[in-house]
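Q: With this note's numbering applied, the sequence shown covers 1021 to 1078.
Here a beta-carbon is modelled for each residue, glycine too, at the ideal position from N, C-alpha and C.
These numbers come from a predicted model, not from an experiment.
Pasting a structure below so you can have a look.
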Amino acid sequence: EAQLILATIAQQYQARMVPGHQVQYAARITLYPSNGLPMTIYERQPELAAMGEGSLEA
């Protein structure tokens, strides 16, 4: 149930990369960002969120 609640809350927000951050990869079994991925969390705008629902463009 906790995952469902978290997913429902997370739909209200959008994560964006911090501008200017250079992603550097480290190679292990898979590639991963060696310095993490700094992100800023923004509340989704209702009009923008509605535009993205159900619209797939090829």
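Given a cut-off of 9 Å on the beta-carbon distance, is the pair T1060 and A1035 in contact?
A: Numbered from its first residue, the sequence shown carries residue 1060 at position 40. Numbered from its first residue, the sequence shown carries residue 1035 at position 15. Yes, Cβ-Cβ distance for T1060 and A1035 is below 9 Å.
Q: State the CB to CB distance for the pair P1053 and Q1044, rounded to an integer number of angstroms; the pair is presumed to be in contact (CB under 8 Å).
A: The residue labelled residue 1053 in the question sits at position 33 within the sequence shown. The residue labelled residue 1044 in the question sits at position 24 within the sequence shown. With a Cβ gap of about 7 Å, P1053 and Q1044 count as contacting.
Q: Can you tell me where the alpha helix (DSSP H) holding L1024 begins and where it ends?
A: Taking the sequence shown and counting its residues from 1, the one referred to as residue 1024 is at position 4. Here the alpha helix (DSSP H) through L1024 covers 1022–1030.
Q: Considering only the alpha carbon of each residue, which of Y1033, I1049, R1048, A1027 lies closest to Q1062?
A: Along the sequence shown, read from residue 1 onward, the residue named residue 1062 stands at position 42. The identity of residue 1062 in the sequence shown is Tyr, whereas the question assumes Gln. Out of Y1033, I1049, R1048, A1027, Y1033 has the C-alpha closest to the C-alpha of Y1062.
Q: Which stretch, first to last residue, makes up the beta strand (DSSP E) that contains L1051?
A: What you label residue 1051 is simply residue 31 of the sequence shown in a count that begins at 1. L1051 -> beta strand (DSSP E) spans 1051–1053.
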